[in-house]
Amino acid sequence: MPQSFASMLGGTLTLIGTSTNILARDIAAQLGAKSPGLGLHAFGMFEFTKLSVIVFAVGALYLMTIGVRLLPVRIPADEDLVEEYALQEYFADVVVPANSPLIGQTVGEALGDDDLDIDVLRLIRYGKRFDKPLARKAINENDTLRLRTNRETLEYIMDAEGLTPSDGSRTEDDLHPEGKEPVLVEVVIPSGSFLVGETLASSTFRQRYDANVLTFRTLSDVI
Numbered sequence: 001m002p003q004s005f006a007s008m009l010g011g012t013l014t015l016i017g018t019s020t021n022i023l024a025r026d027i028a029a030q031l032g033a034k035s036p037g038l039g040l041h042a043f044g045m046f047e048f049t050k051l052s053v054i055v056f057a058v059g060a061l062y063l064m065t066i067g068v069r070l071l072p073v074r075i076p077a078d079e080d081l082v083e084e085y086a087l088q089e090y091f092a093d094v095v096v097p098a099n100s101p102l103i104g105q106t107v108g109e110a111l112g113d114d115d116l117d118i119d120v121l122r123l124i125r126y127g128k129r130f131d132k133p134l135a136r137k138a139i140n141e142n143d144t145l146r147l148r149t150n151r152e153t154l155e156y157i158m159d160a161e162g163l164t165p166s167d168g169s170r171t172e173d174d175l176h177p178e179g180k181e182p183v184l185v186e187v188v189i190p191s192g193s194f195l196v197g198e199t200l201a202s203s204t205f206r207q208r209y210d211a212n213v214l215t216f217r218t219l220s221d222v223i
């Protein structure tokens, strides 16, 4: 918005500042030719610059002082989605200790139960990150798993599988990766989509698009 207003203010400085100025010049020239009594003529290049400089100065001062304070705080796209769907509560990093029964199993075997509201988003091993797909990735001792789940399921899985919370801090870059890393996106399913009426499992959504559904919204309900 500020750039748009600044562009309009700058466009008033000279005749060629905007196409509207040129159109107004042509109209004034035509009317002046048809009705000389009106006193109209074709505008010169800098004919209204003196007045425009005053308007530009006042407008620029407003944009840099009052206008900038009226703008809403910009929220990065990923962060906006995390807040909108309340995903902050569902991320957790857990460590696989030496006595965990998960050791030797693949991620799919260990945590792929459809009855559990849990998803492994990333496996970290000695500082190296492994992202989707992880279903066939074997779990080793001291692996760190980044989970998307609810509090109740997290407590259950940690107790049942002997997992411990990670003491490593998570940064915004971890939760909202960029570039070639996974990112959060929001998509809308149109009425004609083949996904309508299907479940995530029956549509093979994860395998088809190499994407993981964290949550979805139906009308006003977020699930």
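In terms of the working numbering, the sequence shown is residues 1 to 223.
Built from N, CA and C at the ideal position, the CB exists for glycine as well.
Check: Around the C-beta of Asp143, are 16 or more other C-beta atoms found within 10 angstroms, so that it is buried, or is it exposed?; Outcome: buried
Check: Tell me, to the nearest whole angstrom, how far the beta carbon of Gly67 is from that of Pro2; I am working on the premise that it is less than 8 Å.; Outcome: 6 Å
Check: Which residues does DSSP pair with Lys128 in a beta bridge?; Outcome: Arg125
Check: What is the C-beta distance between Arg136 and Gly108, in whole angstroms, given that I count them as a contact (C-beta under 8 Å)?; Outcome: 6 Å
Check: Using beta-carbon positions only, say whether Arg151 and Leu214 come within less than 7 Å of one another.; Outcome: no
Check: Counting Cβ pairs closer than 8 Å, one from the stretch 32–43 and one from the stretch 53–66, do we hit at least three?; Outcome: no
Check: Along the beta strand (DSSP E) that carries Asp111, what are the first and last residues, could you check?; Outcome: The sequence shown places Leu at residue 111, rather than the Asp named in the question. Unbroken run through Leu111 is the alpha helix (DSSP H), 107–111; no beta strand (DSSP E).
Check: How is the alpha helix (DSSP H) around Thr49 delimited, first residue to last?; Outcome: 49–62
Check: On the CB-based measure, 16 or more other CB atoms within 10 Å of its CB, does Leu71 come out buried or exposed?; Outcome: exposed
Check: Whole angstroms are fine: how far does the CA of Ala110 sit from the CA of Pro101?; Outcome: 9 Å
Check: Quick check on Glu155: buried or exposed, where buried means 16 or more other Cβ atoms within 10 Å of its Cβ?; Outcome: exposed
Check: Over what stretch of residues does the alpha helix (DSSP H) that includes Ala98 continue unbroken?; Outcome: Taken as a continuous stretch (DSSP letters only), Ala98 belongs to no alpha helix (DSSP H), as it is neither H nor E.
Check: Provide the residue span of the alpha helix (DSSP H) that contains Leu147, from first to last.; Outcome: Segment 144–149 is the beta strand (DSSP E) holding Leu147; no alpha helix (DSSP H) there.
Check: Glu198 CB to nearest chain D CB: under 7 Å?; Outcome: Absent from the structure: chain D. Only one protein chain is present.
Check: Do you know offhand how far Asn99's Cα is from Glu161's?; Outcome: 9 Å
Check: Consult DSSP for Asp115 and reduce its assignment to one of helix, strand or coil.; Outcome: coil
Check: From the DSSP output, in three-state form, read off Asp174 for me.; Outcome: Bear in mind that the predicted position of Asp174 carries a pLDDT of just 47, short of 50, making it unreliable; the figure below should be weighed with that in mind. The answer is helix: DSSP assigns Asp174 an H, G or I state.
Check: Cutting at 7 Å between CB atoms, please list the residues of its own chain near Thr18, excluding the five before and the five after it.; Outcome: Gly11
Check: Are the beta-carbon atoms of Thr49 and Leu9 separated by less than 7 Å?; Outcome: no
Check: From Val196 to Gly112, what does the alpha carbon distance come to, in whole angstroms?; Outcome: 24 Å
Check: Would DSSP call Ala29 helix, strand or coil?; Outcome: helix
Check: Going by alpha carbons, who is nearest to Ser193 out of Glu186, Ala60, Ser203, Leu145?; Outcome: Ser203
Check: Taking Cβ positions, are Asn212 and Asp117 nearer each other than 7 Å?; Outcome: no
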